[in-house]
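Its first residue numbered 1, the sequence shown is counted upward by one per residue in the UniProt record's numbering.
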Amino acid sequence: MRLRLLIADDHPIVRDGLRAALGSEPDFEIVGEAADGAEAVRLAAELHPDIVLMDLRMPGMGGVAAIRELSGPGLDRTGLSGTGPRVLVLTTFDTDVLPALEAGASGYLLKDAPPEELVRAVRATHRGETVLAPAVATRLADHLRRPARGQLSKRELEVLRLVAGGATNREAAAALFISEASIKTHLLHVYAKLDVRDRAAAVGEAYRRGLID
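What follows is the structure, encoded as structure tokens:
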């Protein structure tokens, strides 16, 4: 039985390269191509691929949102209720691995992977195995080893809520009756725990994780 593949990438050159690399395999059939996440979801419903090769950073609906849609209940080839296709991420960046896996991706490869590695990854994904590029596996391991990641203290949450409300360091210090230096220290701890570099990113990540509302 041939594996039905759908390619989702906003760059035509990349899609052409993937078609060339995978289309010559006797057990692969490329059934369609999509230029963004929304088109990938629509084509998956029409074409019923076994595997979607998904880029992440695309215009309109990005890859993570599309993976979330594809990983939910779908239709099998008989039209009966079933599960959606497996999704193998193929992207340039190794920084989006957690959101992609949380959304339901089966694997995560980088675009510099050699063709033979990509072919193996597609077959492994179809077998139900999780495929991770070495750099991605390292990042994931570092994430799991990092202590207290995302577990903010009561005071850190208080500071973050004030910052999210638009308070300056001075205003936050006055509201909490502590020094500006203490506010800066708490913010540095927040940045480290949320793995971000600035106030705006900290607020955005905290919203995404449901730490503040």
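Beta carbons are placed, not taken as given, at the ideal position from N, Cα and C, and that holds for glycine.
Range covered by the beta strand (DSSP E) that runs through residue i
i: G107; result: G107 to L110
i: V89; result: R86 to T91
i: I30; result: F28 to A34
i: L152; result: No beta strand (DSSP E) holds L152; DSSP gives it neither H nor E.
i: I51; result: I51 to M54
Distance, residue j Cα to residue i Cα
i: D198; j: R208; result: 15 angstroms
i: L140; j: L98; result: 7 angstroms
i: E116; j: A21; result: 8 angstroms
i: L18; j: E33; result: 10 angstroms
i: I212; j: I7; result: 37 angstroms
i: R42; j: R15; result: 18 angstroms
i: G166; j: D195; result: 21 angstroms
i: V203; j: E29; result: 44 angstroms
Exposed unless 16 or more other CB atoms sit within 10 angstroms - verdict on residue i
i: H48; result: buried
i: S106; result: buried
i: A172; result: buried
i: T138; result: exposed
i: D96; result: buried
i: A40; result: buried
i: T125; result: buried
i: G23; result: exposed
i: R127; result: exposed
i: M58; result: buried
i: K193; result: buried
Residues bridged to residue i [DSSP beta-bridge criterion]
i: V131; result: G107
i: R4; result: E29
CB-CB length for residue i against residue j, believed under 8 angstroms
i: L109; j: V89; result: 7 angstroms
i: L70; j: G60; result: Incorrect: roughly 15 angstroms between the Cβ atoms, too far for contact.
i: L3; j: V131; result: Incorrect: roughly 14 angstroms between the Cβ atoms, too far for contact.
i: G62; j: L56; result: 6 angstroms
i: L162; j: V190; result: That pair is no contact at about 12 angstroms.
Start-to-end residues for the alpha helix (DSSP H) that takes in residue i
i: R209; result: R199 to R209
i: V190; result: E180 to L194
i: H126; result: P115 to H126
i: R68; result: G63 to L70
i: D16; result: P12 to G23
i: A172; result: N169 to L176
i: G165; result: Taken as a continuous stretch (DSSP letters only), G165 belongs to no alpha helix (DSSP H), as it is neither H nor E.
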